[in-house]
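Just below is one structure, and these are the notes that go with it.
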Amino acid sequence: ALDPAAAVQHMCKMEGAFDADILRSFVESVGLYPVGSFVELRSGKIALVIDENPGDKSQPIVQAFFDCKTRDRIVPHRIVIAQSANENGIIGTADLSGFDLPDEAQLREMVFLTAHKMVH
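First residue of the sequence shown? That's 82 in the working numbering, and the numbers climb one at a time after it.
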């Protein structure tokens, strides 16, 4: 299965496959990085989009869990991109291949559970 952000990007590249107005409305609704997307941050961390920012869908709330520089897991922590875009802005979807991580579905579930426990 495609990562949600990769699916949105793929749909946008399929010229003529979708009505342009409907596709634009869809992207405006879910954002470029929908909840469940793995993203890479300017800081070199990999995070999972765990919630949207209704005011700016391009700056969602994420849960960072991996550092690309050290190639190791980090203590999961929540980042509100809109509040730290200079350091932690999203540079794109994350390529998880090449890292010692569980498969995407299992990893997504683990990160969501961790994020949920931190809130409650």
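Even glycine gets a Cβ: it sits at the ideal position worked out from N, Cα and C.
Quick caveat, the model's predicted, so the values are computed rather than measured.
Approximately 15 Å separates the beta-carbon atoms of Cys-149 and Gly-170; this is outside 8 Å, ruling out the contact. Take the alpha-carbon of Leu-188 and the one of Val-161: they are about 20 Å apart.
In the three-state reduction of the DSSP assignment, Phe-146 falls in the strand class. In the displayed model, Phe-119 falls within a strand according to three-state DSSP. In terms of Cα proximity to Ile-155, the closest of Ile-127, Ser-110 and Gly-173 is Ile-127.
Rounded to whole angstroms, the gap between the alpha carbons of Asp-132 and Pro-183 is 22 Å.
Per DSSP, Pro-85 is one residue of the alpha helix (DSSP H) stretching across 85 to 94.
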